[in-house]
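Enquirer: The sequence shown maps to residues 805 to 1235 in the working numbering.
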Amino acid sequence: MASSSSTSSSRLTSHSNYDVFLSFRGEDTRDNFTSHLHAALYRKKIKAFIDDEQLKRGHEISPALLRAIESSKISVIIFSKDYASSKWCLDELVKVLECRQMNGQMVVPVFYHVDPSDVRKQTGSFRDAFSKHEKQQLKKTPEKVQKWRHALTEASNLSGWASKEIRSEAHLVDVVVTDILKKVENITVSTYPNGLVGLNSQIEKIKSLLCLGRLDFKIVGIWGMGGIGKTTIAGVIFNQISKEFESKCFLVNVREESEKGGGLLHLRDRVLSEVFEENFRIRTPNLPEYVRERLQRTKVLIVLDDVNKVGQLEYLIGGLERFGPGSRIIVTTRDRRVLDNFGVGNIYKVNGLKHREALELFCSCAFKENHCPEDLLVHSKRILDYANGNPLAVRVLGSFLRQKSKLDWENALDNLKRISDPDIYDVLKIR
805 MASSSSTSSS RLTSHSNYDV FLSFRGEDTR DNFTSHLHAA LYRKKIKAFI
855 DDEQLKRGHE ISPALLRAIE SSKISVIIFS KDYASSKWCL DELVKVLECR
905 QMNGQMVVPV FYHVDPSDVR KQTGSFRDAF SKHEKQQLKK TPEKVQKWRH
955 ALTEASNLSG WASKEIRSEA HLVDVVVTDI LKKVENITVS TYPNGLVGLN
1005 SQIEKIKSLL CLGRLDFKIV GIWGMGGIGK TTIAGVIFNQ ISKEFESKCF
1055 LVNVREESEK GGGLLHLRDR VLSEVFEENF RIRTPNLPEY VRERLQRTKV
1105 LIVLDDVNKV GQLEYLIGGL ERFGPGSRII VTTRDRRVLD NFGVGNIYKV
1155 NGLKHREALE LFCSCAFKEN HCPEDLLVHS KRILDYANGN PLAVRVLGSF
1205 LRQKSKLDWE NALDNLKRIS DPDIYDVLKI R
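1) Just to confirm the assignment: which complete alpha helix (DSSP H) runs, minimum length 4, are found wholly within the stretch 953 to 1015?
2) Locate the alpha helix (DSSP H) running through serine 921, then write down its first and last residues.
3) Buried or exposed: which applies to alanine 974, given that a residue is buried once 16 or more other Cβ atoms fall within 10 Å of its Cβ?
4) Counting along the chain, where does the alpha helix (DSSP H) carrying threonine 1035 start and finish?
5) Please return the same chain residues whose Cβ sits closer than 7 Å to the Cβ of proline 920, not counting the five positions on each side in sequence.
6) Alpha carbon to alpha carbon, what distance is there between leucine 1108 and serine 969?
7) Which first and last residues belong to the alpha helix (DSSP H) in which glutamate 1146 is found?
8) For tyrosine 1152, which residues from the same chain have a beta carbon less than 8 Å from its beta carbon, with the 5 sequence-adjacent residues on both sides left out?
9) Taking buried to mean at least 16 other C-beta atoms within 10 Å of its own C-beta, is threonine 1035 buried or exposed?
10) Which residues in the same chain as tryptophan 952 place their Cβ atom closer than 6 Å to its Cβ, once the five residues preceding and following it in sequence are excluded?
11) Determine the burial state of aspartate 823: buried for a count of at least 16 other Cβ atoms within 10 Å of its Cβ, exposed for fewer.
12) Use the C-beta contact count for glutamine 1116: other C-beta atoms within 10 angstroms, 16 or more gives buried, fewer gives exposed.
13) Applying the 10 Å Cβ sphere with the 16-neighbour rule, what's the burial state of valine 1182?
14) What first and last residue would you give for the beta strand (DSSP E) that runs through arginine 1072?
15) Please determine if the stretch 1170 to 1188 and the stretch 1209 to 1223 are in contact, where contact requires at least 3 C-beta pairs separated by less than 8 Å.
16) Are valine 900 and serine 963 close, meaning C-beta to C-beta below 8 Å?
17) Let me make sure I understand the geometry here. Which of His1070, Ile1037, Phe1127 has the alpha-carbon closest to that of serine 1051?
18) With respect to the beta strand (DSSP E) encompassing asparagine 1057, which residues constitute its N-terminal and C-terminal limits?
19) Would you give the residue range spanned by the alpha helix (DSSP H) that tyrosine 1119 belongs to?
20) Are the CB atoms of valine 1135 and lysine 1113 within a distance shorter than 8 Å?
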């Protein structure tokens, strides 16, 4: 099967936390194809989300899985014999296709020991699965069963890969990984709505603070309100300069991840694992001598995204003598005091969009053009007053109002009047 992209990447959001979300039936493929694919992606530094069985308890798809799907750039759907027997898998698939429709998420189907036509037409083992679903669900929620059917048909019509055409499992893993690598590489600056409106000049200023030609160690802080573009800027810089370093690591959502099981110990292991391309599990607060010596010999690029406590920096990057000559650390935060208290000397505050830039970005999201229809121009400008130059707020509002009636726009304006900033009401709570 051809491996062309299933949809345009031009609408992928800039706050993706994962490169790939893997949707699969655990009983069928967790211990074979899926684990091999996940390991191969890891070796290529592709950040893939693979669920924990604990996330699939209860009657509904868990919030953690929903967030993982929404924050991924690409979803790989591994259709196997009993995929359709799992209502969680089917709910995942529906959500993935919603993200494809709304955000331009790429979707790659893999037909593992199943015929694509069985998926498309719900025949064979898929027919058996739906016979059971219809007995259990039809009287309660017939529309859900119909959604599942539509999702299977839609996904099976996308370009992907089939094991019946690539009989060697190792080769199938290789071609899927190669396909994903190409797609991830294509998700660069062009993946952000209307490019990087208002951010390019700020990116260049931060790069100048990094002083890339020098061999000393340097740490640069990027701060600003939520949604202002800190992670986007850090991600673009990371992509542009990472080839100049021996090792690299981009740690997303430090604030949120540090509160999960394992805490900062687990996060430090992740940094070391990515830097050295090995699986680290160090259970002591202090790093062993051999690890410190390796770090001191290695030129690294590390991004720590959304840090909110000085202790996180102290634990994750500690004494600045830890890293090799020419190493660079980029820290993003909403709280400048974190940077000041850690002694970061090079700090850049991200500025909001100018009105012209905000209007350009808003129009690209709301109308898929760089200008507004005349009858909505006044409404657009009034709406942008509430976004206060925040790129994420602009994108959220533009996407929310896409293809809505003029009455919907007026209702949105009435609702916005009740927002009195606090970081634009946590970026409108619409995301």
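Heads up, the beta-carbon is just placed ideally off N, CA and C, and yes, glycines get one too.
Expert: Taking the geometry as given:
1) Runs of the alpha helix (DSSP H) lying entirely within the stretch 953 to 1015 and spanning at least 4 residues, in chain order: 973 to 990, 1004 to 1014.
2) Here residue 921 refers to the residue found at position 117 when the sequence shown is read from its first residue. Boundaries of the alpha helix (DSSP H) around serine 921: 920 to 925.
3) Against the sequence shown, residue 974 aligns to sequence position 170. By the neighbour-count rule (16 or more Cβ atoms within 10 Å), alanine 974 is not buried but exposed.
4) Reading the sequence shown from its first residue, position 231 is the one you call residue 1035. Boundaries of the alpha helix (DSSP H) around threonine 1035: 1034 to 1045.
5) Numbered from its first residue, the sequence shown carries residue 920 at position 116. Hits under 7 Å: Ser960, Ala966.
6) By 1-based counting over the sequence shown, the position of residue 969 is 165. By 1-based counting over the sequence shown, the position of residue 1108 is 304. Contrary to the premise, residue 969 reads as glutamate rather than serine in this sequence. Cα to Cα, glutamate 969 sits roughly 42 Å from leucine 1108.
7) As a position in the sequence shown, residue 1146 is number 342, starting the count at 1. Sequence check: residue 1146 is phenylalanine here, not glutamate. From DSSP, the alpha helix (DSSP H) with phenylalanine 1146 extends over 1140 to 1146.
8) One-based indexing of the sequence shown puts residue 1152 at position 348. When the five nearest sequence neighbours on each side are left out, the beta carbons in the same chain lying within less than 8 Å of the beta carbon of tyrosine 1152 are those of Gln1006, Lys1009, Ile1010, Leu1013, Val1024, Gly1025, Ile1026, Trp1027, in order along the chain.
9) Counting from 1 along the sequence shown, the entry for residue 1035 is found at position 231. By the Cβ-count criterion, threonine 1035 is buried, with 16 or more other Cβ atoms from all chains shown falling within 10 Å of its own Cβ.
10) Indexing the sequence shown from 1 puts residue 952 at position 148. Excluding residues within five positions, the ones whose Cβ falls inside 6 Å are Leu894.
11) Taking the sequence shown and counting its residues from 1, one reaches residue 823 at position 19. Buried, by the Cβ-count rule.
12) To locate residue 1116, count along the sequence shown from 1; it is residue 312. Taking all protein chains shown into account, glutamine 1116 has 16 or more neighbouring C-beta atoms within 10 Å of its C-beta and is therefore buried.
13) The count along the sequence shown starts at 1 and reaches residue 1182 at position 378. Flag for valine 1182 reads exposed.
14) As a first step, residue 1072 must be located in the sequence shown, where it is residue number 268. Taken as a continuous stretch (DSSP letters only), arginine 1072 belongs to no beta strand (DSSP E), being part of the alpha helix (DSSP H) at 1067 to 1080.
15) With the cut-off at 8 Å, the stretch 1170 to 1188 and the stretch 1209 to 1223 touch.
16) Reading the sequence shown from its first residue, position 96 is the one you call residue 900. Reading the sequence shown from its first residue, position 159 is the one you call residue 963. For the pair valine 900 and serine 963, the CB atoms are not nearer than the 8 Å cut-off.
17) Locating residue 1051 in the sequence shown gives position 247, counting from the first residue. The option with the nearest alpha carbon to serine 1051 is Phe1127.
18) Indexing the sequence shown from 1 puts residue 1057 at position 253. Here asparagine 1057 belongs to no beta strand (DSSP E), and DSSP marks it neither H nor E.
19) Residue mapping note: residue 1119 aligns to position 315 of the sequence shown, counting from 1. 1114 to 1120 is the extent of the alpha helix (DSSP H) around tyrosine 1119.
20) Stepping through the sequence shown from its first residue, residue 1113 is reached at position 309. Stepping through the sequence shown from its first residue, residue 1135 is reached at position 331. No, the Cβ-Cβ distance between lysine 1113 and valine 1135 is not below 8 Å.
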